[in-house]
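Numbering (full-length UniProt numbering), first residue to last: 1 to 595.
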């Protein structure tokens with residue numbers, strides 16, 4: 001099938017009064033300058049929307065305009081058209097059998113592209129449909145995964161190395177040596193696939209007869225199992241060389257890092273190896289340096305919390321702690337705060353393990369426990385460096401906590417992180433770690449707790465039913481929820497890799513210290529502190545904030561339930577009696593929940 005326009009696209013659009021003659025001329029000038037197609041030029045110049053243009057082409061060519069997210073496209077079907085051709089012609093095989101193939105294109109008037117596609121898919125009869133350009137690009141990233149390349153290189157590497165093979169360590173440092181070249185290609189495919197699907201971590205786990213490679217995407221692991229289990233040692237060996245680790249030491253865990261460029265992304269890779277039953281396991285954290293630091297507004301933090309955080313960090317002294325589990329975005333938030341405070345008039349020193357992002361004007365210190373350079377030692381020296389602001393990567397022990405707090409009460413702003421479930425338990429954890437209660441009361445100004453929850457994919461979002469148990473639980477948190485309250489979930493589509501989720505958003509709770517809480521801390525009355533915190537003005541828990549997102553259709557009820565279970569919300573609900581939570585207070589909390 002070769003759809004053909006009776007007139008040139010620009011002339012047709014003018015004839016139908018969709019654009020003016022002057023707009024057409026401007027678009028033609030832009031087309032000649034950029035080398036892009038006329039349709040793209042018209043959209044870029046905002047003379048016509050993409051949907052309007054594609055709907056027009058659909059009618060003129062008498063072909064369907066389809067939404068790819070409505071289809072469950074099989075990877076094998078898509079790969080009937082090689083990736084290089086698919087991206088070049090902006091074309092995707094949506095459905096195919098032995099006789100026909102439905103191909104979606106963003107420019108169905110490109111006859112040369114259609115002829116090339118028909119030649120590749122022959123003897124099938126090619127049927128053309130119109131698809132939005134961005135939908136095609138998203139589908140390419142999901143469907144043309146590097147799993148086939150990974151399997152191919154793994155198989156090739158197995159042929160080159162058998163179980164008893166002894167590796168030439170010198171040869172492994174040469175890019176063009178046979179086995180090492182295959183290892184490098186395998187690693188490149190693994191990293192390209194991870195970047196393509198926006199993975200935050202890569203896990204390489206050897207087993208007896210297989211190699212398990214898992215990627216954490218939006219907080220959830222996705223796995224690919226390779227049958228070539230005996231290639232694990234070659235793979236780990238190359239990664240240890242890249243990270244500057246001791247390749248002769250396989251009995252002890254090691255940590256390192258290296259930097260790579262993948263698909264125009266500058267990636268800082270943190271490597272952790274650990275001896276396991278069948279060799280060494282390796283986990284890599286991927287930090288995309290090219291993405292830059294996020295401003296507080298980009299983290300998903302509600303406006304009211306941003307204002308309160310800024311008020312806290314612009315005070316001349318005191319301590320702000322950011323808390324949450326590993327991978328909850330604590331460091332991202334702290335770097336966002338530091339970027340705002342980074343001024344020529346402020347001396348800022350950070351003590352980190354490791355230094356994740358390099359910041360100009362800021363003195364960043366990497367701790368090194370192997371030579372005794374731990375957090376406490378660096379902090380003692382830091383206080384003699386005349387700082388205005390100190391950022392401590394993590395409060396790990398009593399000595400670090402006490403030095404940080406003494407710095408906070410002697411004229412310094414101290415920022416740090418802590419691994420606790422929520423804001424209320426953080427102050428209590430500091431006391432559990434050995435800090436004097438009066439010192440915590442004097443130094444601590446606020447605790448920001450955060451989590452990351454998955455966003456519903458906007459391209460396959462639909463109303464969702466919740467069962468009676470879920471409804472009952474939700475009503476205990478928010479009595480205004482009824483059977484008519486609408487919630488949403490993702491159906492699963494190409495853009496979200498059939499998960500129903502795409503991307504994550506931060507959920508925050510900010511606890512600001514008041515007199516009642518400080519008095520309770522000085523008296524070491526942890527239960528009274530928790531009760532005062534739960535009753536404090538402007539405090540809204542993580543679970544309630546997540547529920548706000550579910551009501552707005554940003555996330556699902558299951559994500560809210562999972563978060564609430566992880567922070568054990570009911571522990572603090574029992575601290576507040578019904579008489580203590582007035583309807584006025586609830587309304588005030590809702591206003592401050594933001595979102």
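Ideal Cβ positions, reconstructed from N, Cα and C, are used throughout, including at glycine. All figures in this text were calculated on a predicted structure; none of them were measured in a lab.
Member of the options whose CA lies at the smallest distance from the CA of residue i
| i | options | result |
| --- | --- | --- |
| residue 252 | 504, 282, 231 and 420 | 282 |
| residue 503 | 521, 523, 510 and 459 | 459 |
| residue 331 | 305, 294, 315 and 319 | 294 |
| residue 321 | 187, 424 and 347 | 424 |
| residue 214 | 523, 203, 220 and 339 | 203 |
| residue 345 | 368, 388 and 288 | 388 |
| residue 93 | 271, 259, 269 and 72 | 72 |
| residue 258 | 309, 191 and 301 | 191 |
| residue 552 | 463, 371 and 272 | 463 |
| residue 354 | 347, 519 and 365 | 365 |
| residue 256 | 273, 492 and 433 | 273 |
| residue 558 | 370, 194, 244 and 489 | 489 |
| residue 379 | 360, 402, 358 and 357 | 402 |
| residue 286 | 194, 543, 205 and 313 | 194 |
| residue 422 | 86, 530, 271 and 106 | 530 |
| residue 142 | 212, 519, 79 and 181 | 79 |
| residue 466 | 360, 560, 107 and 501 | 560 |
| residue 226 | 497, 34, 519 and 205 | 205 |
| residue 84 | 53, 116, 66 and 67 | 116 |
| residue 383 | 436, 260 and 412 | 412 |
| residue 136 | 498, 254, 363 and 89 | 89 |
| residue 56 | 555, 106 and 533 | 106 |
| residue 541 | 524, 461, 493 and 564 | 564 |
| residue 301 | 548, 249, 108 and 431 | 548 |
| residue 555 | 518, 527 and 491 | 491 |
| residue 410 | 471, 319, 63 and 126 | 319 |
| residue 207 | 34, 181, 249 and 276 | 276 |
Own chain residues within Cβ distance below 7 Å of residue i, not counting five before or after
| i | result |
| --- | --- |
| residue 513 | 444, 445 and 446 |
| residue 183 | 157, 234, 235 and 238 |
| residue 222 | 214 and 215 |
| residue 574 | With a pLDDT of 38 at residue 574, under the threshold of 50, the predicted position of this residue should be treated as unreliable, and no value is reported. |
| residue 324 | 330, 449, 450 and 451 |
| residue 247 | 169, 237, 240 and 241 |
| residue 478 | 547 |
| residue 17 | none |
| residue 199 | 215, 216, 217 and 286 |
Coil, strand or helix - residue i by DSSP
| i | result |
| --- | --- |
| residue 19 | coil |
| residue 607 | Outside the shown range of the chain (1 to 595) lies residue 607, about which nothing can therefore be said. |
| residue 216 | strand |
| residue 76 | helix |
| residue 249 | coil |
| residue 142 | helix |
| residue 71 | coil |
| residue 10 | helix |
| residue 416 | strand |
| residue 81 | coil |
| residue 507 | strand |
| residue 27 | helix |
Other residues of its chain near residue i: CB distance less than 6 Å, five sequence neighbours each side excluded
| i | result |
| --- | --- |
| residue 392 | 351, 404 and 416 |
| residue 510 | 305, 308 and 448 |
| residue 112 | none |
| residue 474 | 481 |
| residue 624 | With the chain represented from 1 up to 595, any question about residue 624 goes unanswered, as that position is not in the structure. |
| residue 13 | 19 |
| residue 454 | 218, 501, 504 and 559 |
Extent of the continuous alpha helix (DSSP H) to which residue i belongs
| i | result |
| --- | --- |
| residue 529 | 526-535 |
| residue 489 | Per DSSP, residue 489 belongs to no alpha helix (DSSP H); it is in the beta strand (DSSP E), 487-490. |
| residue 655 | Nothing in the structure corresponds to residue 655, since the chain is present only between 1 and 595. |
| residue 596 | Examination of residue 596 is not possible in this model, given that the chain is present from 1 through 595 alone. |
| residue 520 | 515-522 |
| residue 44 | 38-44 |
| residue 234 | 232-242 |
| residue 559 | 557-567 |
Contact set for residue i: own chain, Cβ-Cβ below 8 Å, skip 5 residues either direction
| i | result |
| --- | --- |
| residue 376 | 397, 399, 400 and 403 |
| residue 27 | 10, 19, 38, 41, 42, 45 and 47 |
Run of the beta strand (DSSP E) containing residue i, from where it starts to where it stops
| i | result |
| --- | --- |
| residue 273 | 265-276 |
| residue 405 | Here residue 405 belongs to no beta strand (DSSP E); instead the alpha helix (DSSP H) covers 398-408. |
| residue 461 | 461-464 |
| residue 91 | 91-96 |
| residue 260 | 254-262 |
| residue 50 | Looking at the DSSP string, residue 50 is not in any beta strand (DSSP E); the run it does join, the alpha helix (DSSP H), is 50-61. |
Mind listing, in chain order, the continuous beta strand (DSSP E) runs of no fewer than 3 residues lying wholly within the stretch 294-368?
318-323, 348-352 and 363-366
Output the residue ranges of the beta strand (DSSP E) runs that lie fully inside the stretch 101-136 and measure 3 residues or longer, sorted by chain position.
125-130
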